[in-house]
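Undergrad: Have a look at this one before I ask anything.
Numbering (my numbering), first residue to last: 21 to 440.
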């Protein structure tokens with residue numbers, strides 16, 4: 021199963037005015053689970069609590085893949101840089117003063133035009149001069165608050181209108197023009213709704229949206245004697261197997277439509293949407309089928325415990341085992357980092373890690389520098405074991421530095437992934 025996400029798909033984007041009420045990262049992440057394609061965060065407070073805003077963005081990015089648009093008062097290129105480096109973000113900039121356009125050009129040249137959007141507030145007159153200036157000064161699109169968007173599309177500027185509506189017919193009317201790339205609505209946050217259902221309703225009206233669609237029809241699956249297909253469900257990031265259940269065609273179609281795992285209960289002989297009773301929903305990331313087309317592998321975001329016993333996984337009872345190395349090279353950095361962070365938050369007497377944190381950033385930096393030098397020296401030694409030991413020492417001290425400065429492995433690996 022693939023997520024339909026073509027160039028011409030219209031985006032359904034939530035909006036949260038974080039300057040008006042406290043917002044937790046989990047509230048934003050829940051919007052992603054409900055089907056939003058992104059979230060616009062608006063912070064017009066003066067002055068902006070930059071540390072709080074960046075902490076929120078980082079917290080969302082650590083737990084989620086949802087793109088964030090961030091509208092705030094940007095005065096310096098450094099303001100833009102901090103937001104873009106905090107997570108999967110794009111900046112939405114005011115375009116009122118000449119200085120705003122100068123900063124937009126500078127930011128576009130430094131970080132790429134695709135990272136920069138222009139904010140057109142309801143109070144700002146929409147003129148040819150404004151549309152032309154936005155087009156020429158580095159914005160990839162316009163976020164237009166409760167104003168007509170036709171003029172911007174005339175200048176071939178993609179538009180994201182801000183409209184507080186949830187009715188499918190009204191949204192369809194807004195989304196139909198070719199230059200309109202999506203809709204932003206605060207009501208997607210204040211009035212929580214099933215956005216996956218909205219997307220399918222929009223699809224019935226001819227509006228293409230970012231939604232799930234199976235590449236193979238259920239009729240081609242090989243079912244068991246009860247007309248069911250087994251589903252192995254695993255956590256999408258860790259790969260941990262959570263449970264095994266079954267689907268019939270109705271359950272399969274509902275899973276795709278809603279984006280939440282839905283099974284067929286063999287004992288109750290009815291549809292079973294995981295989480296309806298417990299709140300422990302499973303939000304779909306992907307569905308794959310095996311080579312024989314007789315088993316589905318589901319990768320999900322698991323809320324709470326998967327097992328009715330309260331265990332994370334239904335597979336918690338060991339039958340047989342033999343001693344073996346459980347080290348997973350794919351997760352060891354995260355595991356060591358988790359230990360370092362735990363030690364930082366829960367100091368232990370005599371701990372070398374706590375000694376470094378107590379001494380502060382200068383001591384940590386000194387150790388990182390020393391270990392880097394030791395790597396250079398060890399690399400001259402024909403025996404690679406010494407180099408191995410020094411690299412481990414360096415990586416440990418580097419992770420202490422990361423923990424001290426609030427940098428995560430997810431941020432590092434994401435940055436690396438974007439470079440190749």
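Ideal placement from N, C-alpha and C gives every residue a C-beta, glycine not left out.
Predicted model, so just to flag it, every value in this text is computed and none were measured.
Assuming residue 320 and residue 256 form a contact by the criterion Cβ under 8 Å, report the distance between their Cβ atoms to the nearest whole angstrom.
TA: The residue you call residue 320 lines up with position 300 of the chain shown. The residue you call residue 256 lines up with position 236 of the chain shown. Taking C-beta atoms under 8 Å as the contact rule, residue 320 and residue 256 qualify, at a distance of about 6 Å.
Undergrad: Are the beta-carbon atoms belonging to residue 166 and residue 142 less than 7 Å from one another?
TA: Counting from one through the chain shown, the residue named residue 166 turns up at place 146. Counting from one through the chain shown, the residue named residue 142 turns up at place 122. Going by C-beta atoms, residue 166 is nearer than 7 Å to residue 142.
Undergrad: Would residue 322 be called buried (16 or more neighbouring beta carbons within 10 Å of its own) or exposed?
TA: Locating residue 322 in the chain shown gives position 302, where the first residue counts as 1. The residue in question, residue 322, is buried, as its Cβ has 16 or more Cβ neighbours within 10 Å.
Undergrad: Return the first residue and the last residue of the beta strand (DSSP E) that residue 162 is part of.
TA: For the purposes of this step, residue 162 is taken as residue 142 along the chain shown, with counting starting at 1. Note, residue 162: beta strand (DSSP E), 161-165.
Undergrad: Between which two residues does the beta strand (DSSP E) holding residue 277 run?
TA: For this step, residue 277 is matched to residue 257 along the chain shown. Where residue 277 is concerned, there is no enclosing beta strand (DSSP E), although the alpha helix (DSSP H) it sits in stretches over 269-278.
Undergrad: According to DSSP, residue 303 sits in a beta bridge with which residue or residues?
TA: In the chain shown, residue 303 corresponds to position 283, counting from 1. Paired residues: 280 and 321.
Undergrad: Which runs of the alpha helix (DSSP H) spanning at least 4 residues fall entirely within the region 178-241, listed in chain order?
TA: 188-195, 207-210 and 215-224
Undergrad: From the DSSP output, which residues share a beta bridge with residue 35?
TA: Translated into positions along the chain shown, residue 35 becomes position 15. 60, per the DSSP bridge assignment.
Undergrad: Do you know offhand how far residue 432's Cα is from residue 418's?
TA: Start at 1 with the first residue of the chain shown, and residue 432 comes out as number 412. Start at 1 with the first residue of the chain shown, and residue 418 comes out as number 398. One Cα belongs to residue 432, the other to residue 418, and the distance between them is close to 12 Å.
Undergrad: So, residue 421 versus residue 388, is the Cβ gap smaller than 7 Å?
TA: Position 401 of the chain shown holds residue 421. Position 368 of the chain shown holds residue 388. Going by C-beta atoms, residue 421 is nearer than 7 Å to residue 388.
Undergrad: Beta-carbon separation of residue 264 and residue 254 under 7 Å?
TA: Here residue 264 is taken as the residue at index 244 of the chain shown, counted from 1. Here residue 254 is taken as the residue at index 234 of the chain shown, counted from 1. No, Cβ-Cβ distance for residue 264 and residue 254 is not below 7 Å.
Undergrad: Using three-state DSSP, classify residue 344 as helix, strand or coil.
TA: On the chain shown, position 324 is the one that residue 344 refers to. Residue 344 falls in the coil class under three-state DSSP.
Undergrad: Whose C-alpha, out of 215, 266, 168 and 273, is nearest the C-alpha of residue 54?
TA: As a position in the chain shown, residue 54 is number 34, starting the count at 1. Of the candidates 215, 266, 168 and 273, the one whose C-alpha sits nearest the C-alpha of residue 54 is 215.
Undergrad: What first and last residue would you give for the alpha helix (DSSP H) that runs through residue 47?
TA: If you number the chain shown from 1, residue 47 lands on position 27. Per DSSP, residue 47 belongs to the alpha helix (DSSP H) from 45-53.
Undergrad: Hey, quick one: how far does the alpha helix (DSSP H) through residue 156 stretch, first residue to last?
TA: Position 136 of the chain shown holds residue 156. Residue range 148-156 is occupied by the alpha helix (DSSP H) that includes residue 156.
Undergrad: Is the beta carbon of residue 4 sitting closer than 7 Å to the one on residue 82?
TA: Nothing about residue 4 can be read from this structure; the chain reaches only from 21 to 440.
Undergrad: Please look up how many angstroms separate the CB atoms of residue 363 and residue 347, rounded, as I've assumed it's under 8 Å.
TA: Here residue 363 refers to the residue found at position 343 when the chain shown is read from its first residue. Here residue 347 refers to the residue found at position 327 when the chain shown is read from its first residue. Not quite, the Cβ-Cβ distance comes to about 20 Å (not below 8 Å), so this is no contact.
Undergrad: Could you check which residue in 295, 375 and 152 has the C-alpha nearest to that of residue 424?
TA: Taking the first residue of the chain shown as 1, we reach residue 424 at position 404. The shortest Cα separation from residue 424 among 295, 375 and 152 belongs to 375.
Undergrad: Within a Cβ cutoff of 7 Å, which residues of the same chain sit near residue 305, ignoring the five residues on either side of it in sequence?
TA: For the purposes of this step, residue 305 is taken as the residue at position 285 of the chain shown. Cβ within range, chain order: 256, 319, 320 and 321.
Undergrad: Rounding to the nearest angstrom, what Cα-Cα distance links residue 204 and residue 281 in this structure?
TA: Locating residue 204 in the chain shown gives position 184, counting from the first residue. Locating residue 281 in the chain shown gives position 261, counting from the first residue. Using only the alpha carbons, I get a separation of about 27 Å.
Undergrad: Going by C-alpha distance, which of 104, 94, 415 and 111 is nearest residue 119?
TA: Residue numbering aside, residue 119 sits at position 99 when the chain shown is read from its first letter. When each option's Cα is compared against that of residue 119, the closest is 94.
Undergrad: If you count every other CB in all the chains shown that lies within 10 Å of the CB of residue 225, and 16 or more means buried, which is it?
TA: Sequence index remark: in the chain shown, residue 225 carries index 205 (1-based). That one is exposed.
Undergrad: Residue 386: buried (16+ other C-beta within 10 angstroms of its C-beta) or exposed?
TA: The sequence position of residue 386 within the chain shown is 366, counting from 1. Exposed is the call here.
Undergrad: Please confirm whether residue 268 and residue 284 have their CB atoms less than 7 Å apart.
TA: Against the chain shown, residue 268 aligns to sequence position 248. Against the chain shown, residue 284 aligns to sequence position 264. Contact: yes.
Undergrad: My understanding is that residue 151 touches residue 121, with C-beta atoms under 8 Å, so please give their C-beta distance in whole angstroms.
TA: Counted from its first residue, the chain shown places residue 151 at position 131. Counted from its first residue, the chain shown places residue 121 at position 101. About 13 Å; that fails the 8 Å criterion.
Undergrad: Using a Cβ-Cβ cutoff of less than 6 Å, which residues in the same chain neighbour residue 206 once the five nearest sequence positions on both sides are dropped?
TA: As a working note, residue 206 is residue 186 in the chain shown. Contacts found: 35 and 184.
Undergrad: Can you tell me where the alpha helix (DSSP H) with residue 130 in it begins and where it stops?
TA: Residue mapping note: residue 130 aligns to position 110 of the chain shown, counting from 1. Residues 118-131.
Undergrad: Residue 315 and residue 252 look like a contact to me (Cβ under 8 Å); what is the Cβ gap, rounded to whole Å?
TA: Taking the first residue of the chain shown as position 1, residue 315 is located at position 295. Taking the first residue of the chain shown as position 1, residue 252 is located at position 232. The beta carbons of residue 315 and residue 252 sit about 7 Å from each other, so the pair counts as a contact at 8 Å.
Undergrad: Are the beta-carbon atoms of residue 112 and residue 137 separated by less than 7 Å?
TA: The residue you call residue 112 lines up with position 92 of the chain shown. The residue you call residue 137 lines up with position 117 of the chain shown. In contact: residue 112 and residue 137 (Cβ atoms closer than 7 Å).
Undergrad: Spatial neighbours of residue 79 within its chain, please: CB distance less than 6 Å, with the 5 preceding and 5 following residues excluded, ordered by chain position.
TA: For this step, residue 79 is matched to residue 59 along the chain shown. Excluding sequence positions up to five before and after residue 79, its CB lies within less than 6 Å of the CB of 45, all in the same chain and listed in chain order.
Undergrad: For the candidate residues 140, 396 and 50, whose alpha-carbon lies nearest to that of residue 211?
TA: In the chain shown, residue 211 corresponds to position 191, counting from 1. Of the residues 140, 396 and 50, the one whose Cα lies closest to the Cα of residue 211 is 50.
Undergrad: Please report how far the alpha carbon of residue 228 lies from the alpha carbon of residue 189, in whole angstroms.
TA: Here residue 228 is taken as the residue at index 208 of the chain shown, counted from 1. Here residue 189 is taken as the residue at index 169 of the chain shown, counted from 1. Between residue 228 and residue 189, the C-alpha separation is close to 14 Å.
Undergrad: Grab me the residues of residue 247's own chain with a C-beta within less than 7 Å of its C-beta, minus the 5 sequence neighbours each way, in chain order.
TA: In the chain shown, counting from the first residue as 1, residue 247 sits at position 227. Around residue 247: 268.
Undergrad: DSSP three-state label for residue 252, please.
TA: Here residue 252 refers to the residue found at position 232 of the chain shown. It is a strand residue.
Undergrad: Which whole-angstrom value describes the C-beta separation of residue 200 and residue 182, a residue pair presumed to lie in contact below a C-beta threshold of 8 Å?
TA: The residue you call residue 200 lines up with position 180 of the chain shown. The residue you call residue 182 lines up with position 162 of the chain shown. So it is not a contact: roughly 12 Å between Cβ atoms.
Undergrad: Tell me the rounded alpha-carbon separation between residue 239 and residue 302.
TA: Indexing the chain shown from 1 puts residue 239 at position 219. Indexing the chain shown from 1 puts residue 302 at position 282. Between residue 239 and residue 302, the C-alpha separation is close to 24 Å.
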